[in-house]
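In structure tokens, the structure reads:
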């Protein structure tokens, strides 16, 4: 019985559950920013765990898996930041019941620059 | 001189990436790739970053990665709890926090870490003020928010990118 | 239902949807998008012609035994053809979009109904 | 109504044609004809692990030359149609600058993406990928620089130079096959010795050709994107 | 018990597929285009996991190259759409 | 191989839905995104059909660069396309 295969597949299973929860969050949350919260965090950890589990199952692949994990951990927050910024600039509102929106005050006084 | 060190460092990093990716032991392969990495580093020599050379920074980086991973796991249980509960418990808003970090790289890592940790998402950055979407706003005051959100990371990042 | 049939049905459905879109849409960019969908469908069907169930990719690394390669791999020829088709497809799309941009600069309109000058 | 009816009839007729195709195709169970030959002899003949690469670069090398030419002509046509007129920014709207995080991140990522593009086309005979995919990766690295900094400009002279020289060398390697190995050996990869099977130098000129194709495609696609981006003087 | 890892990986594949379905639903119903882009982002990240799972099930390491290309291009695509939305293209 | 067939059917259905969406929605940018999604699903299908080269090409050129080119063209012809989402 290869114990490392079982360990790897269990990690993969946990990761895929997180991926599913992230997608569920994207589906259920009330507004764009909350969706992005769920989408970014859960999918990042889910992808990391899924890939890591497969890297443990096939330990000879671990180098490539690590590079992909590093790339995803670096790019996923950047892309969701860019998207959140664009959406806020475009005027997509926060959901009802939001407490504060300090960015709006800044954007209304901002001069467009290049 | 500074630029030459940057180019050499970046060549080394790119070759290391290639080595990790392929796991090759063929000498010709490594030589060819080192040459290509050198060409790429020379092409982008204007936008390379300063290398971190002191061992203290390396140790702190490793600690930081471990700390961040624990925070990410916490964040995920937080997200999971919010997503599966039938009446989604949120209290969102956008707040400002202030950072002490000066280097561009440090700010980027800080913003990414904030995005990955519980309940917060960086929306915009303006010099040293970060605009953060917080899923569960407890206090809209800048000082308290700074204390709650960024202080933990800054401890490490100030040393690493100091 | 085997896999080749599934992919064929998908590809043909994409061809029909894209064709329908190309014929009925008024916006020129959308017509080009329809053509892109048709291209994807055709390429899917072409790759499915070379697929053999239970075989592996035509890259003979350590996972494929070299002496028995011809009984282990799928057909590489359609893949090579599709590779060409995708690259040409994007070049053609870019060229058509350039024409659209030029037309737009002339008349400030994207609707295909505004370009009927050549009707004789 | 009639405008909807004719497309509907056309689509329905196409549906019946495709139905005929779909019902008549049986899944195949073995390689046939030329594919069998390629599978049996490709590896030992050309030293390429990736049979698709072997077909694209060597067996069907002329097709690839034509493909590169088509891409070149499309790029030239786009450049011709969208050539820059020195005029002011007519819309009067200035671009919004990218955020600092994206700028820093792109500085960090662009060398890595370029390196990965180089990996794809150099290892074209060992792993999936090749000149076209690697070129696309390099073009997307250039694209990321455009996105992070909207005032970024590529150096057109250098790009044109790289593109033309890689095209010339590509044809020269093809002609070299004719000279060294005799007639009907245009674009043969065996003008360099084949090394050990499975190493980077194992496939004669395939890595060289794919490097040239990658540079050419990368610069061409980047030029197309730059031309589509247009002027903002 | 011998094929417990395979069973677990299959269950993972079901979860990942369900995630893709949910992201696709958000893509379809998403009220604004920014929501659609969020769905696209989520969907591509999940797809990378699916690609790795396919690689694991086919036992071919070469499929990971495809995953990396997918990651690079999806990142650039999402950033491009974001920059288009904020008018900085 | 029940699982494999299931993934094929799922991908095929998703592709068809995305294609219909691309032709049906009114605003162009959603349409472009939907076509990009069709390409991305196609890429996974190629991978399942054991064609990694084609999958890579589709992901890099068909989904990535093609979307960018469409976005640029849309940007250049933006004056009429008002926001109607």
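Residue numbers (the numbering used here), protein chains in the order written: chain A, 435 to 548; chain B, 38 to 199; chain C, 79 to 198; chain D, -14 to 218; chain E, 3 to 91; chain F, 12 to 96.
The C-beta atom is built at its ideal place from N, Cα and C for all residues, glycine as well.
**Study point:** Residues of its chain near residue 33 of chain F, where Cβ-Cβ distance is below 6 Å and the 5 sequence neighbours each way are ignored
**Key:** For the purposes of this step, residue 33 of chain F is taken as residue 22 along the sixth chain, with counting starting at 1. Cβ neighbours of residue 33 of chain F within its own chain (closer than 6 Å, five residues either side excluded): 42, 45, 46.
Check your understanding: Going straight from the alpha carbon of residue 60 of chain B to that of residue 497 of chain A, what length do you get?
Key -> Sequence index remark: in the second chain, residue 60 of chain B carries index 23 (1-based). Sequence index remark: in the first chain, residue 497 of chain A carries index 63 (1-based). Roughly 7 Å separates the two Cα atoms.
Exercise for review: Alpha carbon to alpha carbon, how far is residue 4 of chain D from residue 51 of chain B? Give it in angstroms, no decimals.
Suggested key: The residue given as residue 51 of chain B occupies position 14 in the second chain. The residue given as residue 4 of chain D occupies position 19 in the fourth chain. Answer to the nearest angstrom: the Cα atoms are 52 Å apart.
Point to revise | Whole-Å CB distance - residue 97 of chain C paired with residue 123 of chain C, under 8 Å assumed | key: To locate residue 97 of chain C, count along the third chain from 1; it is residue 19. To locate residue 123 of chain C, count along the third chain from 1; it is residue 45. About 14 Å; that fails the 8 Å criterion.
Practice item. Answer with buried or exposed for residue 13 of chain F, where buried requires no fewer than 16 other C-beta atoms within 10 angstroms of its C-beta. Key: One-based indexing of the sixth chain puts residue 13 of chain F at position 2. By the 10 Å Cβ count, residue 13 of chain F comes out exposed.
Exercise for review: Verify whether the separation of the beta carbon atoms of residue 468 of chain A and residue 47 of chain E is less than 9 Å.
Suggested key: For the purposes of this step, residue 468 of chain A is taken as residue 34 along the first chain, with counting starting at 1. For the purposes of this step, residue 47 of chain E is taken as residue 45 along the fifth chain, with counting starting at 1. A distance of 9 Å or more separates the beta carbons of residue 468 of chain A and residue 47 of chain E.
Exercise for review: Under 8 Å by Cβ, that's how I've got residue 165 of chain B and residue 135 of chain B pegged, so tell me the actual separation to the nearest angstrom.
Suggested key: Indexing the second chain from 1 puts residue 165 of chain B at position 128. Indexing the second chain from 1 puts residue 135 of chain B at position 98. Going by Cβ atoms, the distance from residue 165 of chain B to residue 135 of chain B rounds to 6 Å, so yes, they are a contact pair.
Exercise for review: Spatial neighbours of residue 38 of chain D within its chain, please: CB distance less than 6 Å, with the 5 preceding and 5 following residues excluded, ordered by chain position.
Suggested key: Your numbering for residue 38 of chain D matches position 53 in the fourth chain. For residue 38 of chain D, where only same-chain residues beyond five positions count, the Cβ hits under 6 Å are 109, 110, 115.
Check your understanding: Would you call residue 6 of chain E buried or exposed, if buried means 16 or more other Cβ atoms sit within 10 Å of its Cβ?
Key -> Within the fifth chain, the letter at position 4 stands for residue 6 of chain E. Only exposed fits residue 6 of chain E, as fewer than 16 other CB atoms lie within 10 angstroms of its CB.
Check your understanding: For residue 170 of chain B versus residue 130 of chain B, is the C-beta spacing smaller than 9 Å?
Key -> The residue labelled residue 170 of chain B in the question sits at position 133 within the second chain. The residue labelled residue 130 of chain B in the question sits at position 93 within the second chain. Yes.
Point to revise | Minimum Cβ-Cβ distance from residue 50 of chain E to chain C less than 9 Å | key: Numbered from 1 along the fifth chain, position 48 holds the residue referred to as residue 50 of chain E. With its beta carbon at least 9 Å from every one in chain C, residue 50 of chain E lies outside the interface.
Exercise for review: Compute the Euclidean distance between the alpha carbons of residue 492 of chain A and residue 499 of chain A, then round it to the nearest angstrom.
Suggested key: The residue labelled residue 492 of chain A in the question sits at position 58 within the first chain. The residue labelled residue 499 of chain A in the question sits at position 65 within the first chain. Residue 492 of chain A and residue 499 of chain A: Cα-Cα distance of roughly 10 Å.
Practice item. Evaluate the contact criterion for the stretch 13 to 23 of chain E versus the stretch 14 to 25 of chain F: three or more CB pairs, one atom per stretch, below 8 Å. Key: In short, these stretches touch, since the Cβ pair count reaches three.
Practice item. Return the Cβ separation of residue 13 of chain D and residue 130 of chain C in integer angstroms, given the expectation that the two are a contact with Cβ distance under 8 Å. Key: On the fourth chain, position 28 is the one that residue 13 of chain D refers to. On the third chain, position 52 is the one that residue 130 of chain C refers to. About 6 Å separates the two Cβ atoms, so the contact holds.
Practice item. Identify whether residue 189 of chain C lies in helix, strand or coil by the three-state DSSP scheme. Key: Within the third chain, residue 189 of chain C is the residue found at index 111, counting from 1. Strand at residue 189 of chain C.
Check your understanding: In chain order, which alpha helix (DSSP H) runs of at least 4 residues are fully inside the stretch 107 to 154 of chain B?
Key -> Whole alpha helix (DSSP H) segments, 4+ residues: 141 to 153.
Check your understanding: Looking only at C-alpha atoms, which of E/78, E/35, E/29 sits nearest to residue 79 of chain F?
Key -> On the sixth chain, residue 79 of chain F is found 68 positions in, with the first residue counted as 1. Comparing Cα-Cα distances from residue 79 of chain F to each of E/78, E/35, E/29, the minimum goes to E/78.
Exercise for review: Using three-state DSSP, classify residue 160 of chain B as helix, strand or coil.
Suggested key: Counted from its first residue, the second chain places residue 160 of chain B at position 123. Looking at residue 160 of chain B - three-state DSSP - the assignment turns out to be strand.
Point to revise | Which listed residue (B/120, B/157, B/49, B/71) has its alpha carbon closest to that of residue 85 of chain B | key: Position 48 of the second chain, counted from the first residue, corresponds to residue 85 of chain B. Nearest to residue 85 of chain B by alpha-carbon distance, out of B/120, B/157, B/49, B/71, is B/49.
Exercise for review: Under the assumption that residue 29 of chain E contacts residue 41 of chain E (Cβ atoms under 8 Å), give the Cβ distance between them as a whole number of angstroms.
Suggested key: Counting from one through the fifth chain, the residue named residue 29 of chain E turns up at place 27. Counting from one through the fifth chain, the residue named residue 41 of chain E turns up at place 39. Right, the Cβ-Cβ distance comes to about 4 Å (below 8 Å), so this counts as a contact.
Exercise for review: Kindly indicate which residue of D/144, D/211, D/192 has the alpha-carbon position closest to the one of residue 69 of chain B.
Suggested key: Along the second chain, one-based indexing puts residue 69 of chain B at 32. Per the Cα distances, D/192.
Check your understanding: DSSP state of residue 205 of chain C, grouped into three classes?
Key -> This structure gives no information on residue 205 of chain C, because the portion of chain C shown stretches from 79 to 198.
**Study point:** Beta-carbon proximity check, residue 66 of chain B vs residue 181 of chain D, cutoff 9 Å
**Key:** Numbered from its first residue, the second chain carries residue 66 of chain B at position 29. Numbered from its first residue, the fourth chain carries residue 181 of chain D at position 196. No, the pair does not count as a contact, with Cβ atoms beyond the cut-off.
Point to revise | Neighbour flag for residue 96 of chain F against chain D, beta carbons, 9 Å | key: Translated into positions along the sixth chain, residue 96 of chain F becomes position 85. Since pLDDT at residue 96 of chain F reaches only 39, below the 50 mark, its modelled position is unreliable, and no value is offered.
Exercise for review: Per DSSP, which residues does residue 75 of chain E bridge with? Please list them.
Suggested key: Position 73 of the fifth chain, counting from 1, holds the residue named residue 75 of chain E. In the DSSP assignment, residue 75 of chain E forms no beta bridge with any residue.
Practice item. For residue 211 of chain D, name the three-state secondary structure that DSSP assigns. Key: Working through the fourth chain from its first residue, we reach residue 211 of chain D at position 226. Correct three-state label for residue 211 of chain D: helix.
Practice item. State the start and end residues of the unbroken beta strand (DSSP E) segment that holds residue 167 of chain B. Key: Your numbering for residue 167 of chain B matches position 130 in the second chain. Residues 166 to 171.
Point to revise | DSSP-derived helix/strand/coil call for residue 80 of chain C | key: Indexing the third chain from 1 puts residue 80 of chain C at position 2. Residue 80 of chain C falls in the coil class under three-state DSSP.
**Study point:** Proximity of residue 64 of chain E and residue 55 of chain F at Cβ, strictly below 9 Å
**Key:** As a working mapping, residue 64 of chain E is identified with position 62 in the fifth chain. As a working mapping, residue 55 of chain F is identified with position 44 in the sixth chain. Taking 9 Å as the Cβ cut-off, residue 64 of chain E and residue 55 of chain F do not qualify as a contacting pair.
Exercise for review: Taking C-beta pairs closer than 7 Å, name the residues in chain H that residue 62 of chain E reaches, listed in chain order.
Suggested key: As a matter of chain content, chain H is missing from the structure shown, whose protein chains are A, B, C, D, E and F.
Practice item. Write down the C-beta distance between residue 112 of chain C and residue 99 of chain C rounded to the nearest angstrom, noting that I regard them as a contact closer than 8 Å. Key: Counted from its first residue, the third chain places residue 112 of chain C at position 34. Counted from its first residue, the third chain places residue 99 of chain C at position 21. Contact flag correct, Cβ pair sits at about 4 Å.
Review point. Pairing CB atoms from the stretch 112 to 123 of chain B with CB atoms from the stretch 75 to 89 of chain B, are three or more of them under 8 Å?
Key: In short, these stretches do not touch, since the Cβ pair count stays below three.
Check your understanding: For the stretch 505 to 532 of chain A, which residues have a CB atom closer than 8 Å to at least one CB atom of chain D, in sequence order?
Key -> Those would be 505, 508, 509, 512, 515, 516, 519, 523, in chain order.
Review point. Quick one: what does DSSP say residue 176 of chain B is sitting in, helix, strand or coil?
Key: Position 139 of the second chain holds residue 176 of chain B. The answer is coil: DSSP assigns residue 176 of chain B none of H, G, I, E or B.
Check your understanding: With distances taken between CB atoms, is the gap from residue 513 of chain A to residue 43 of chain E smaller than 9 Å?
Key -> Translated into the one-based positions of the first chain, residue 513 of chain A becomes position 79. Translated into the one-based positions of the fifth chain, residue 43 of chain E becomes position 41. For residue 513 of chain A and residue 43 of chain E, yes; Cβs fall inside 9 Å.
Check your understanding: In chain order, what residues of the same chain have a beta carbon less than 8 Å from the beta carbon of residue 39 of chain E, not counting five sequence neighbours either side?
Key -> Within the fifth chain, numbered from 1, the residue matching residue 39 of chain E stands at position 37. Residues of the same chain with a CB within less than 8 Å of the CB of residue 39 of chain E, apart from the 5 flanking positions on each side, are 80, 83, 84, 87 in chain order.
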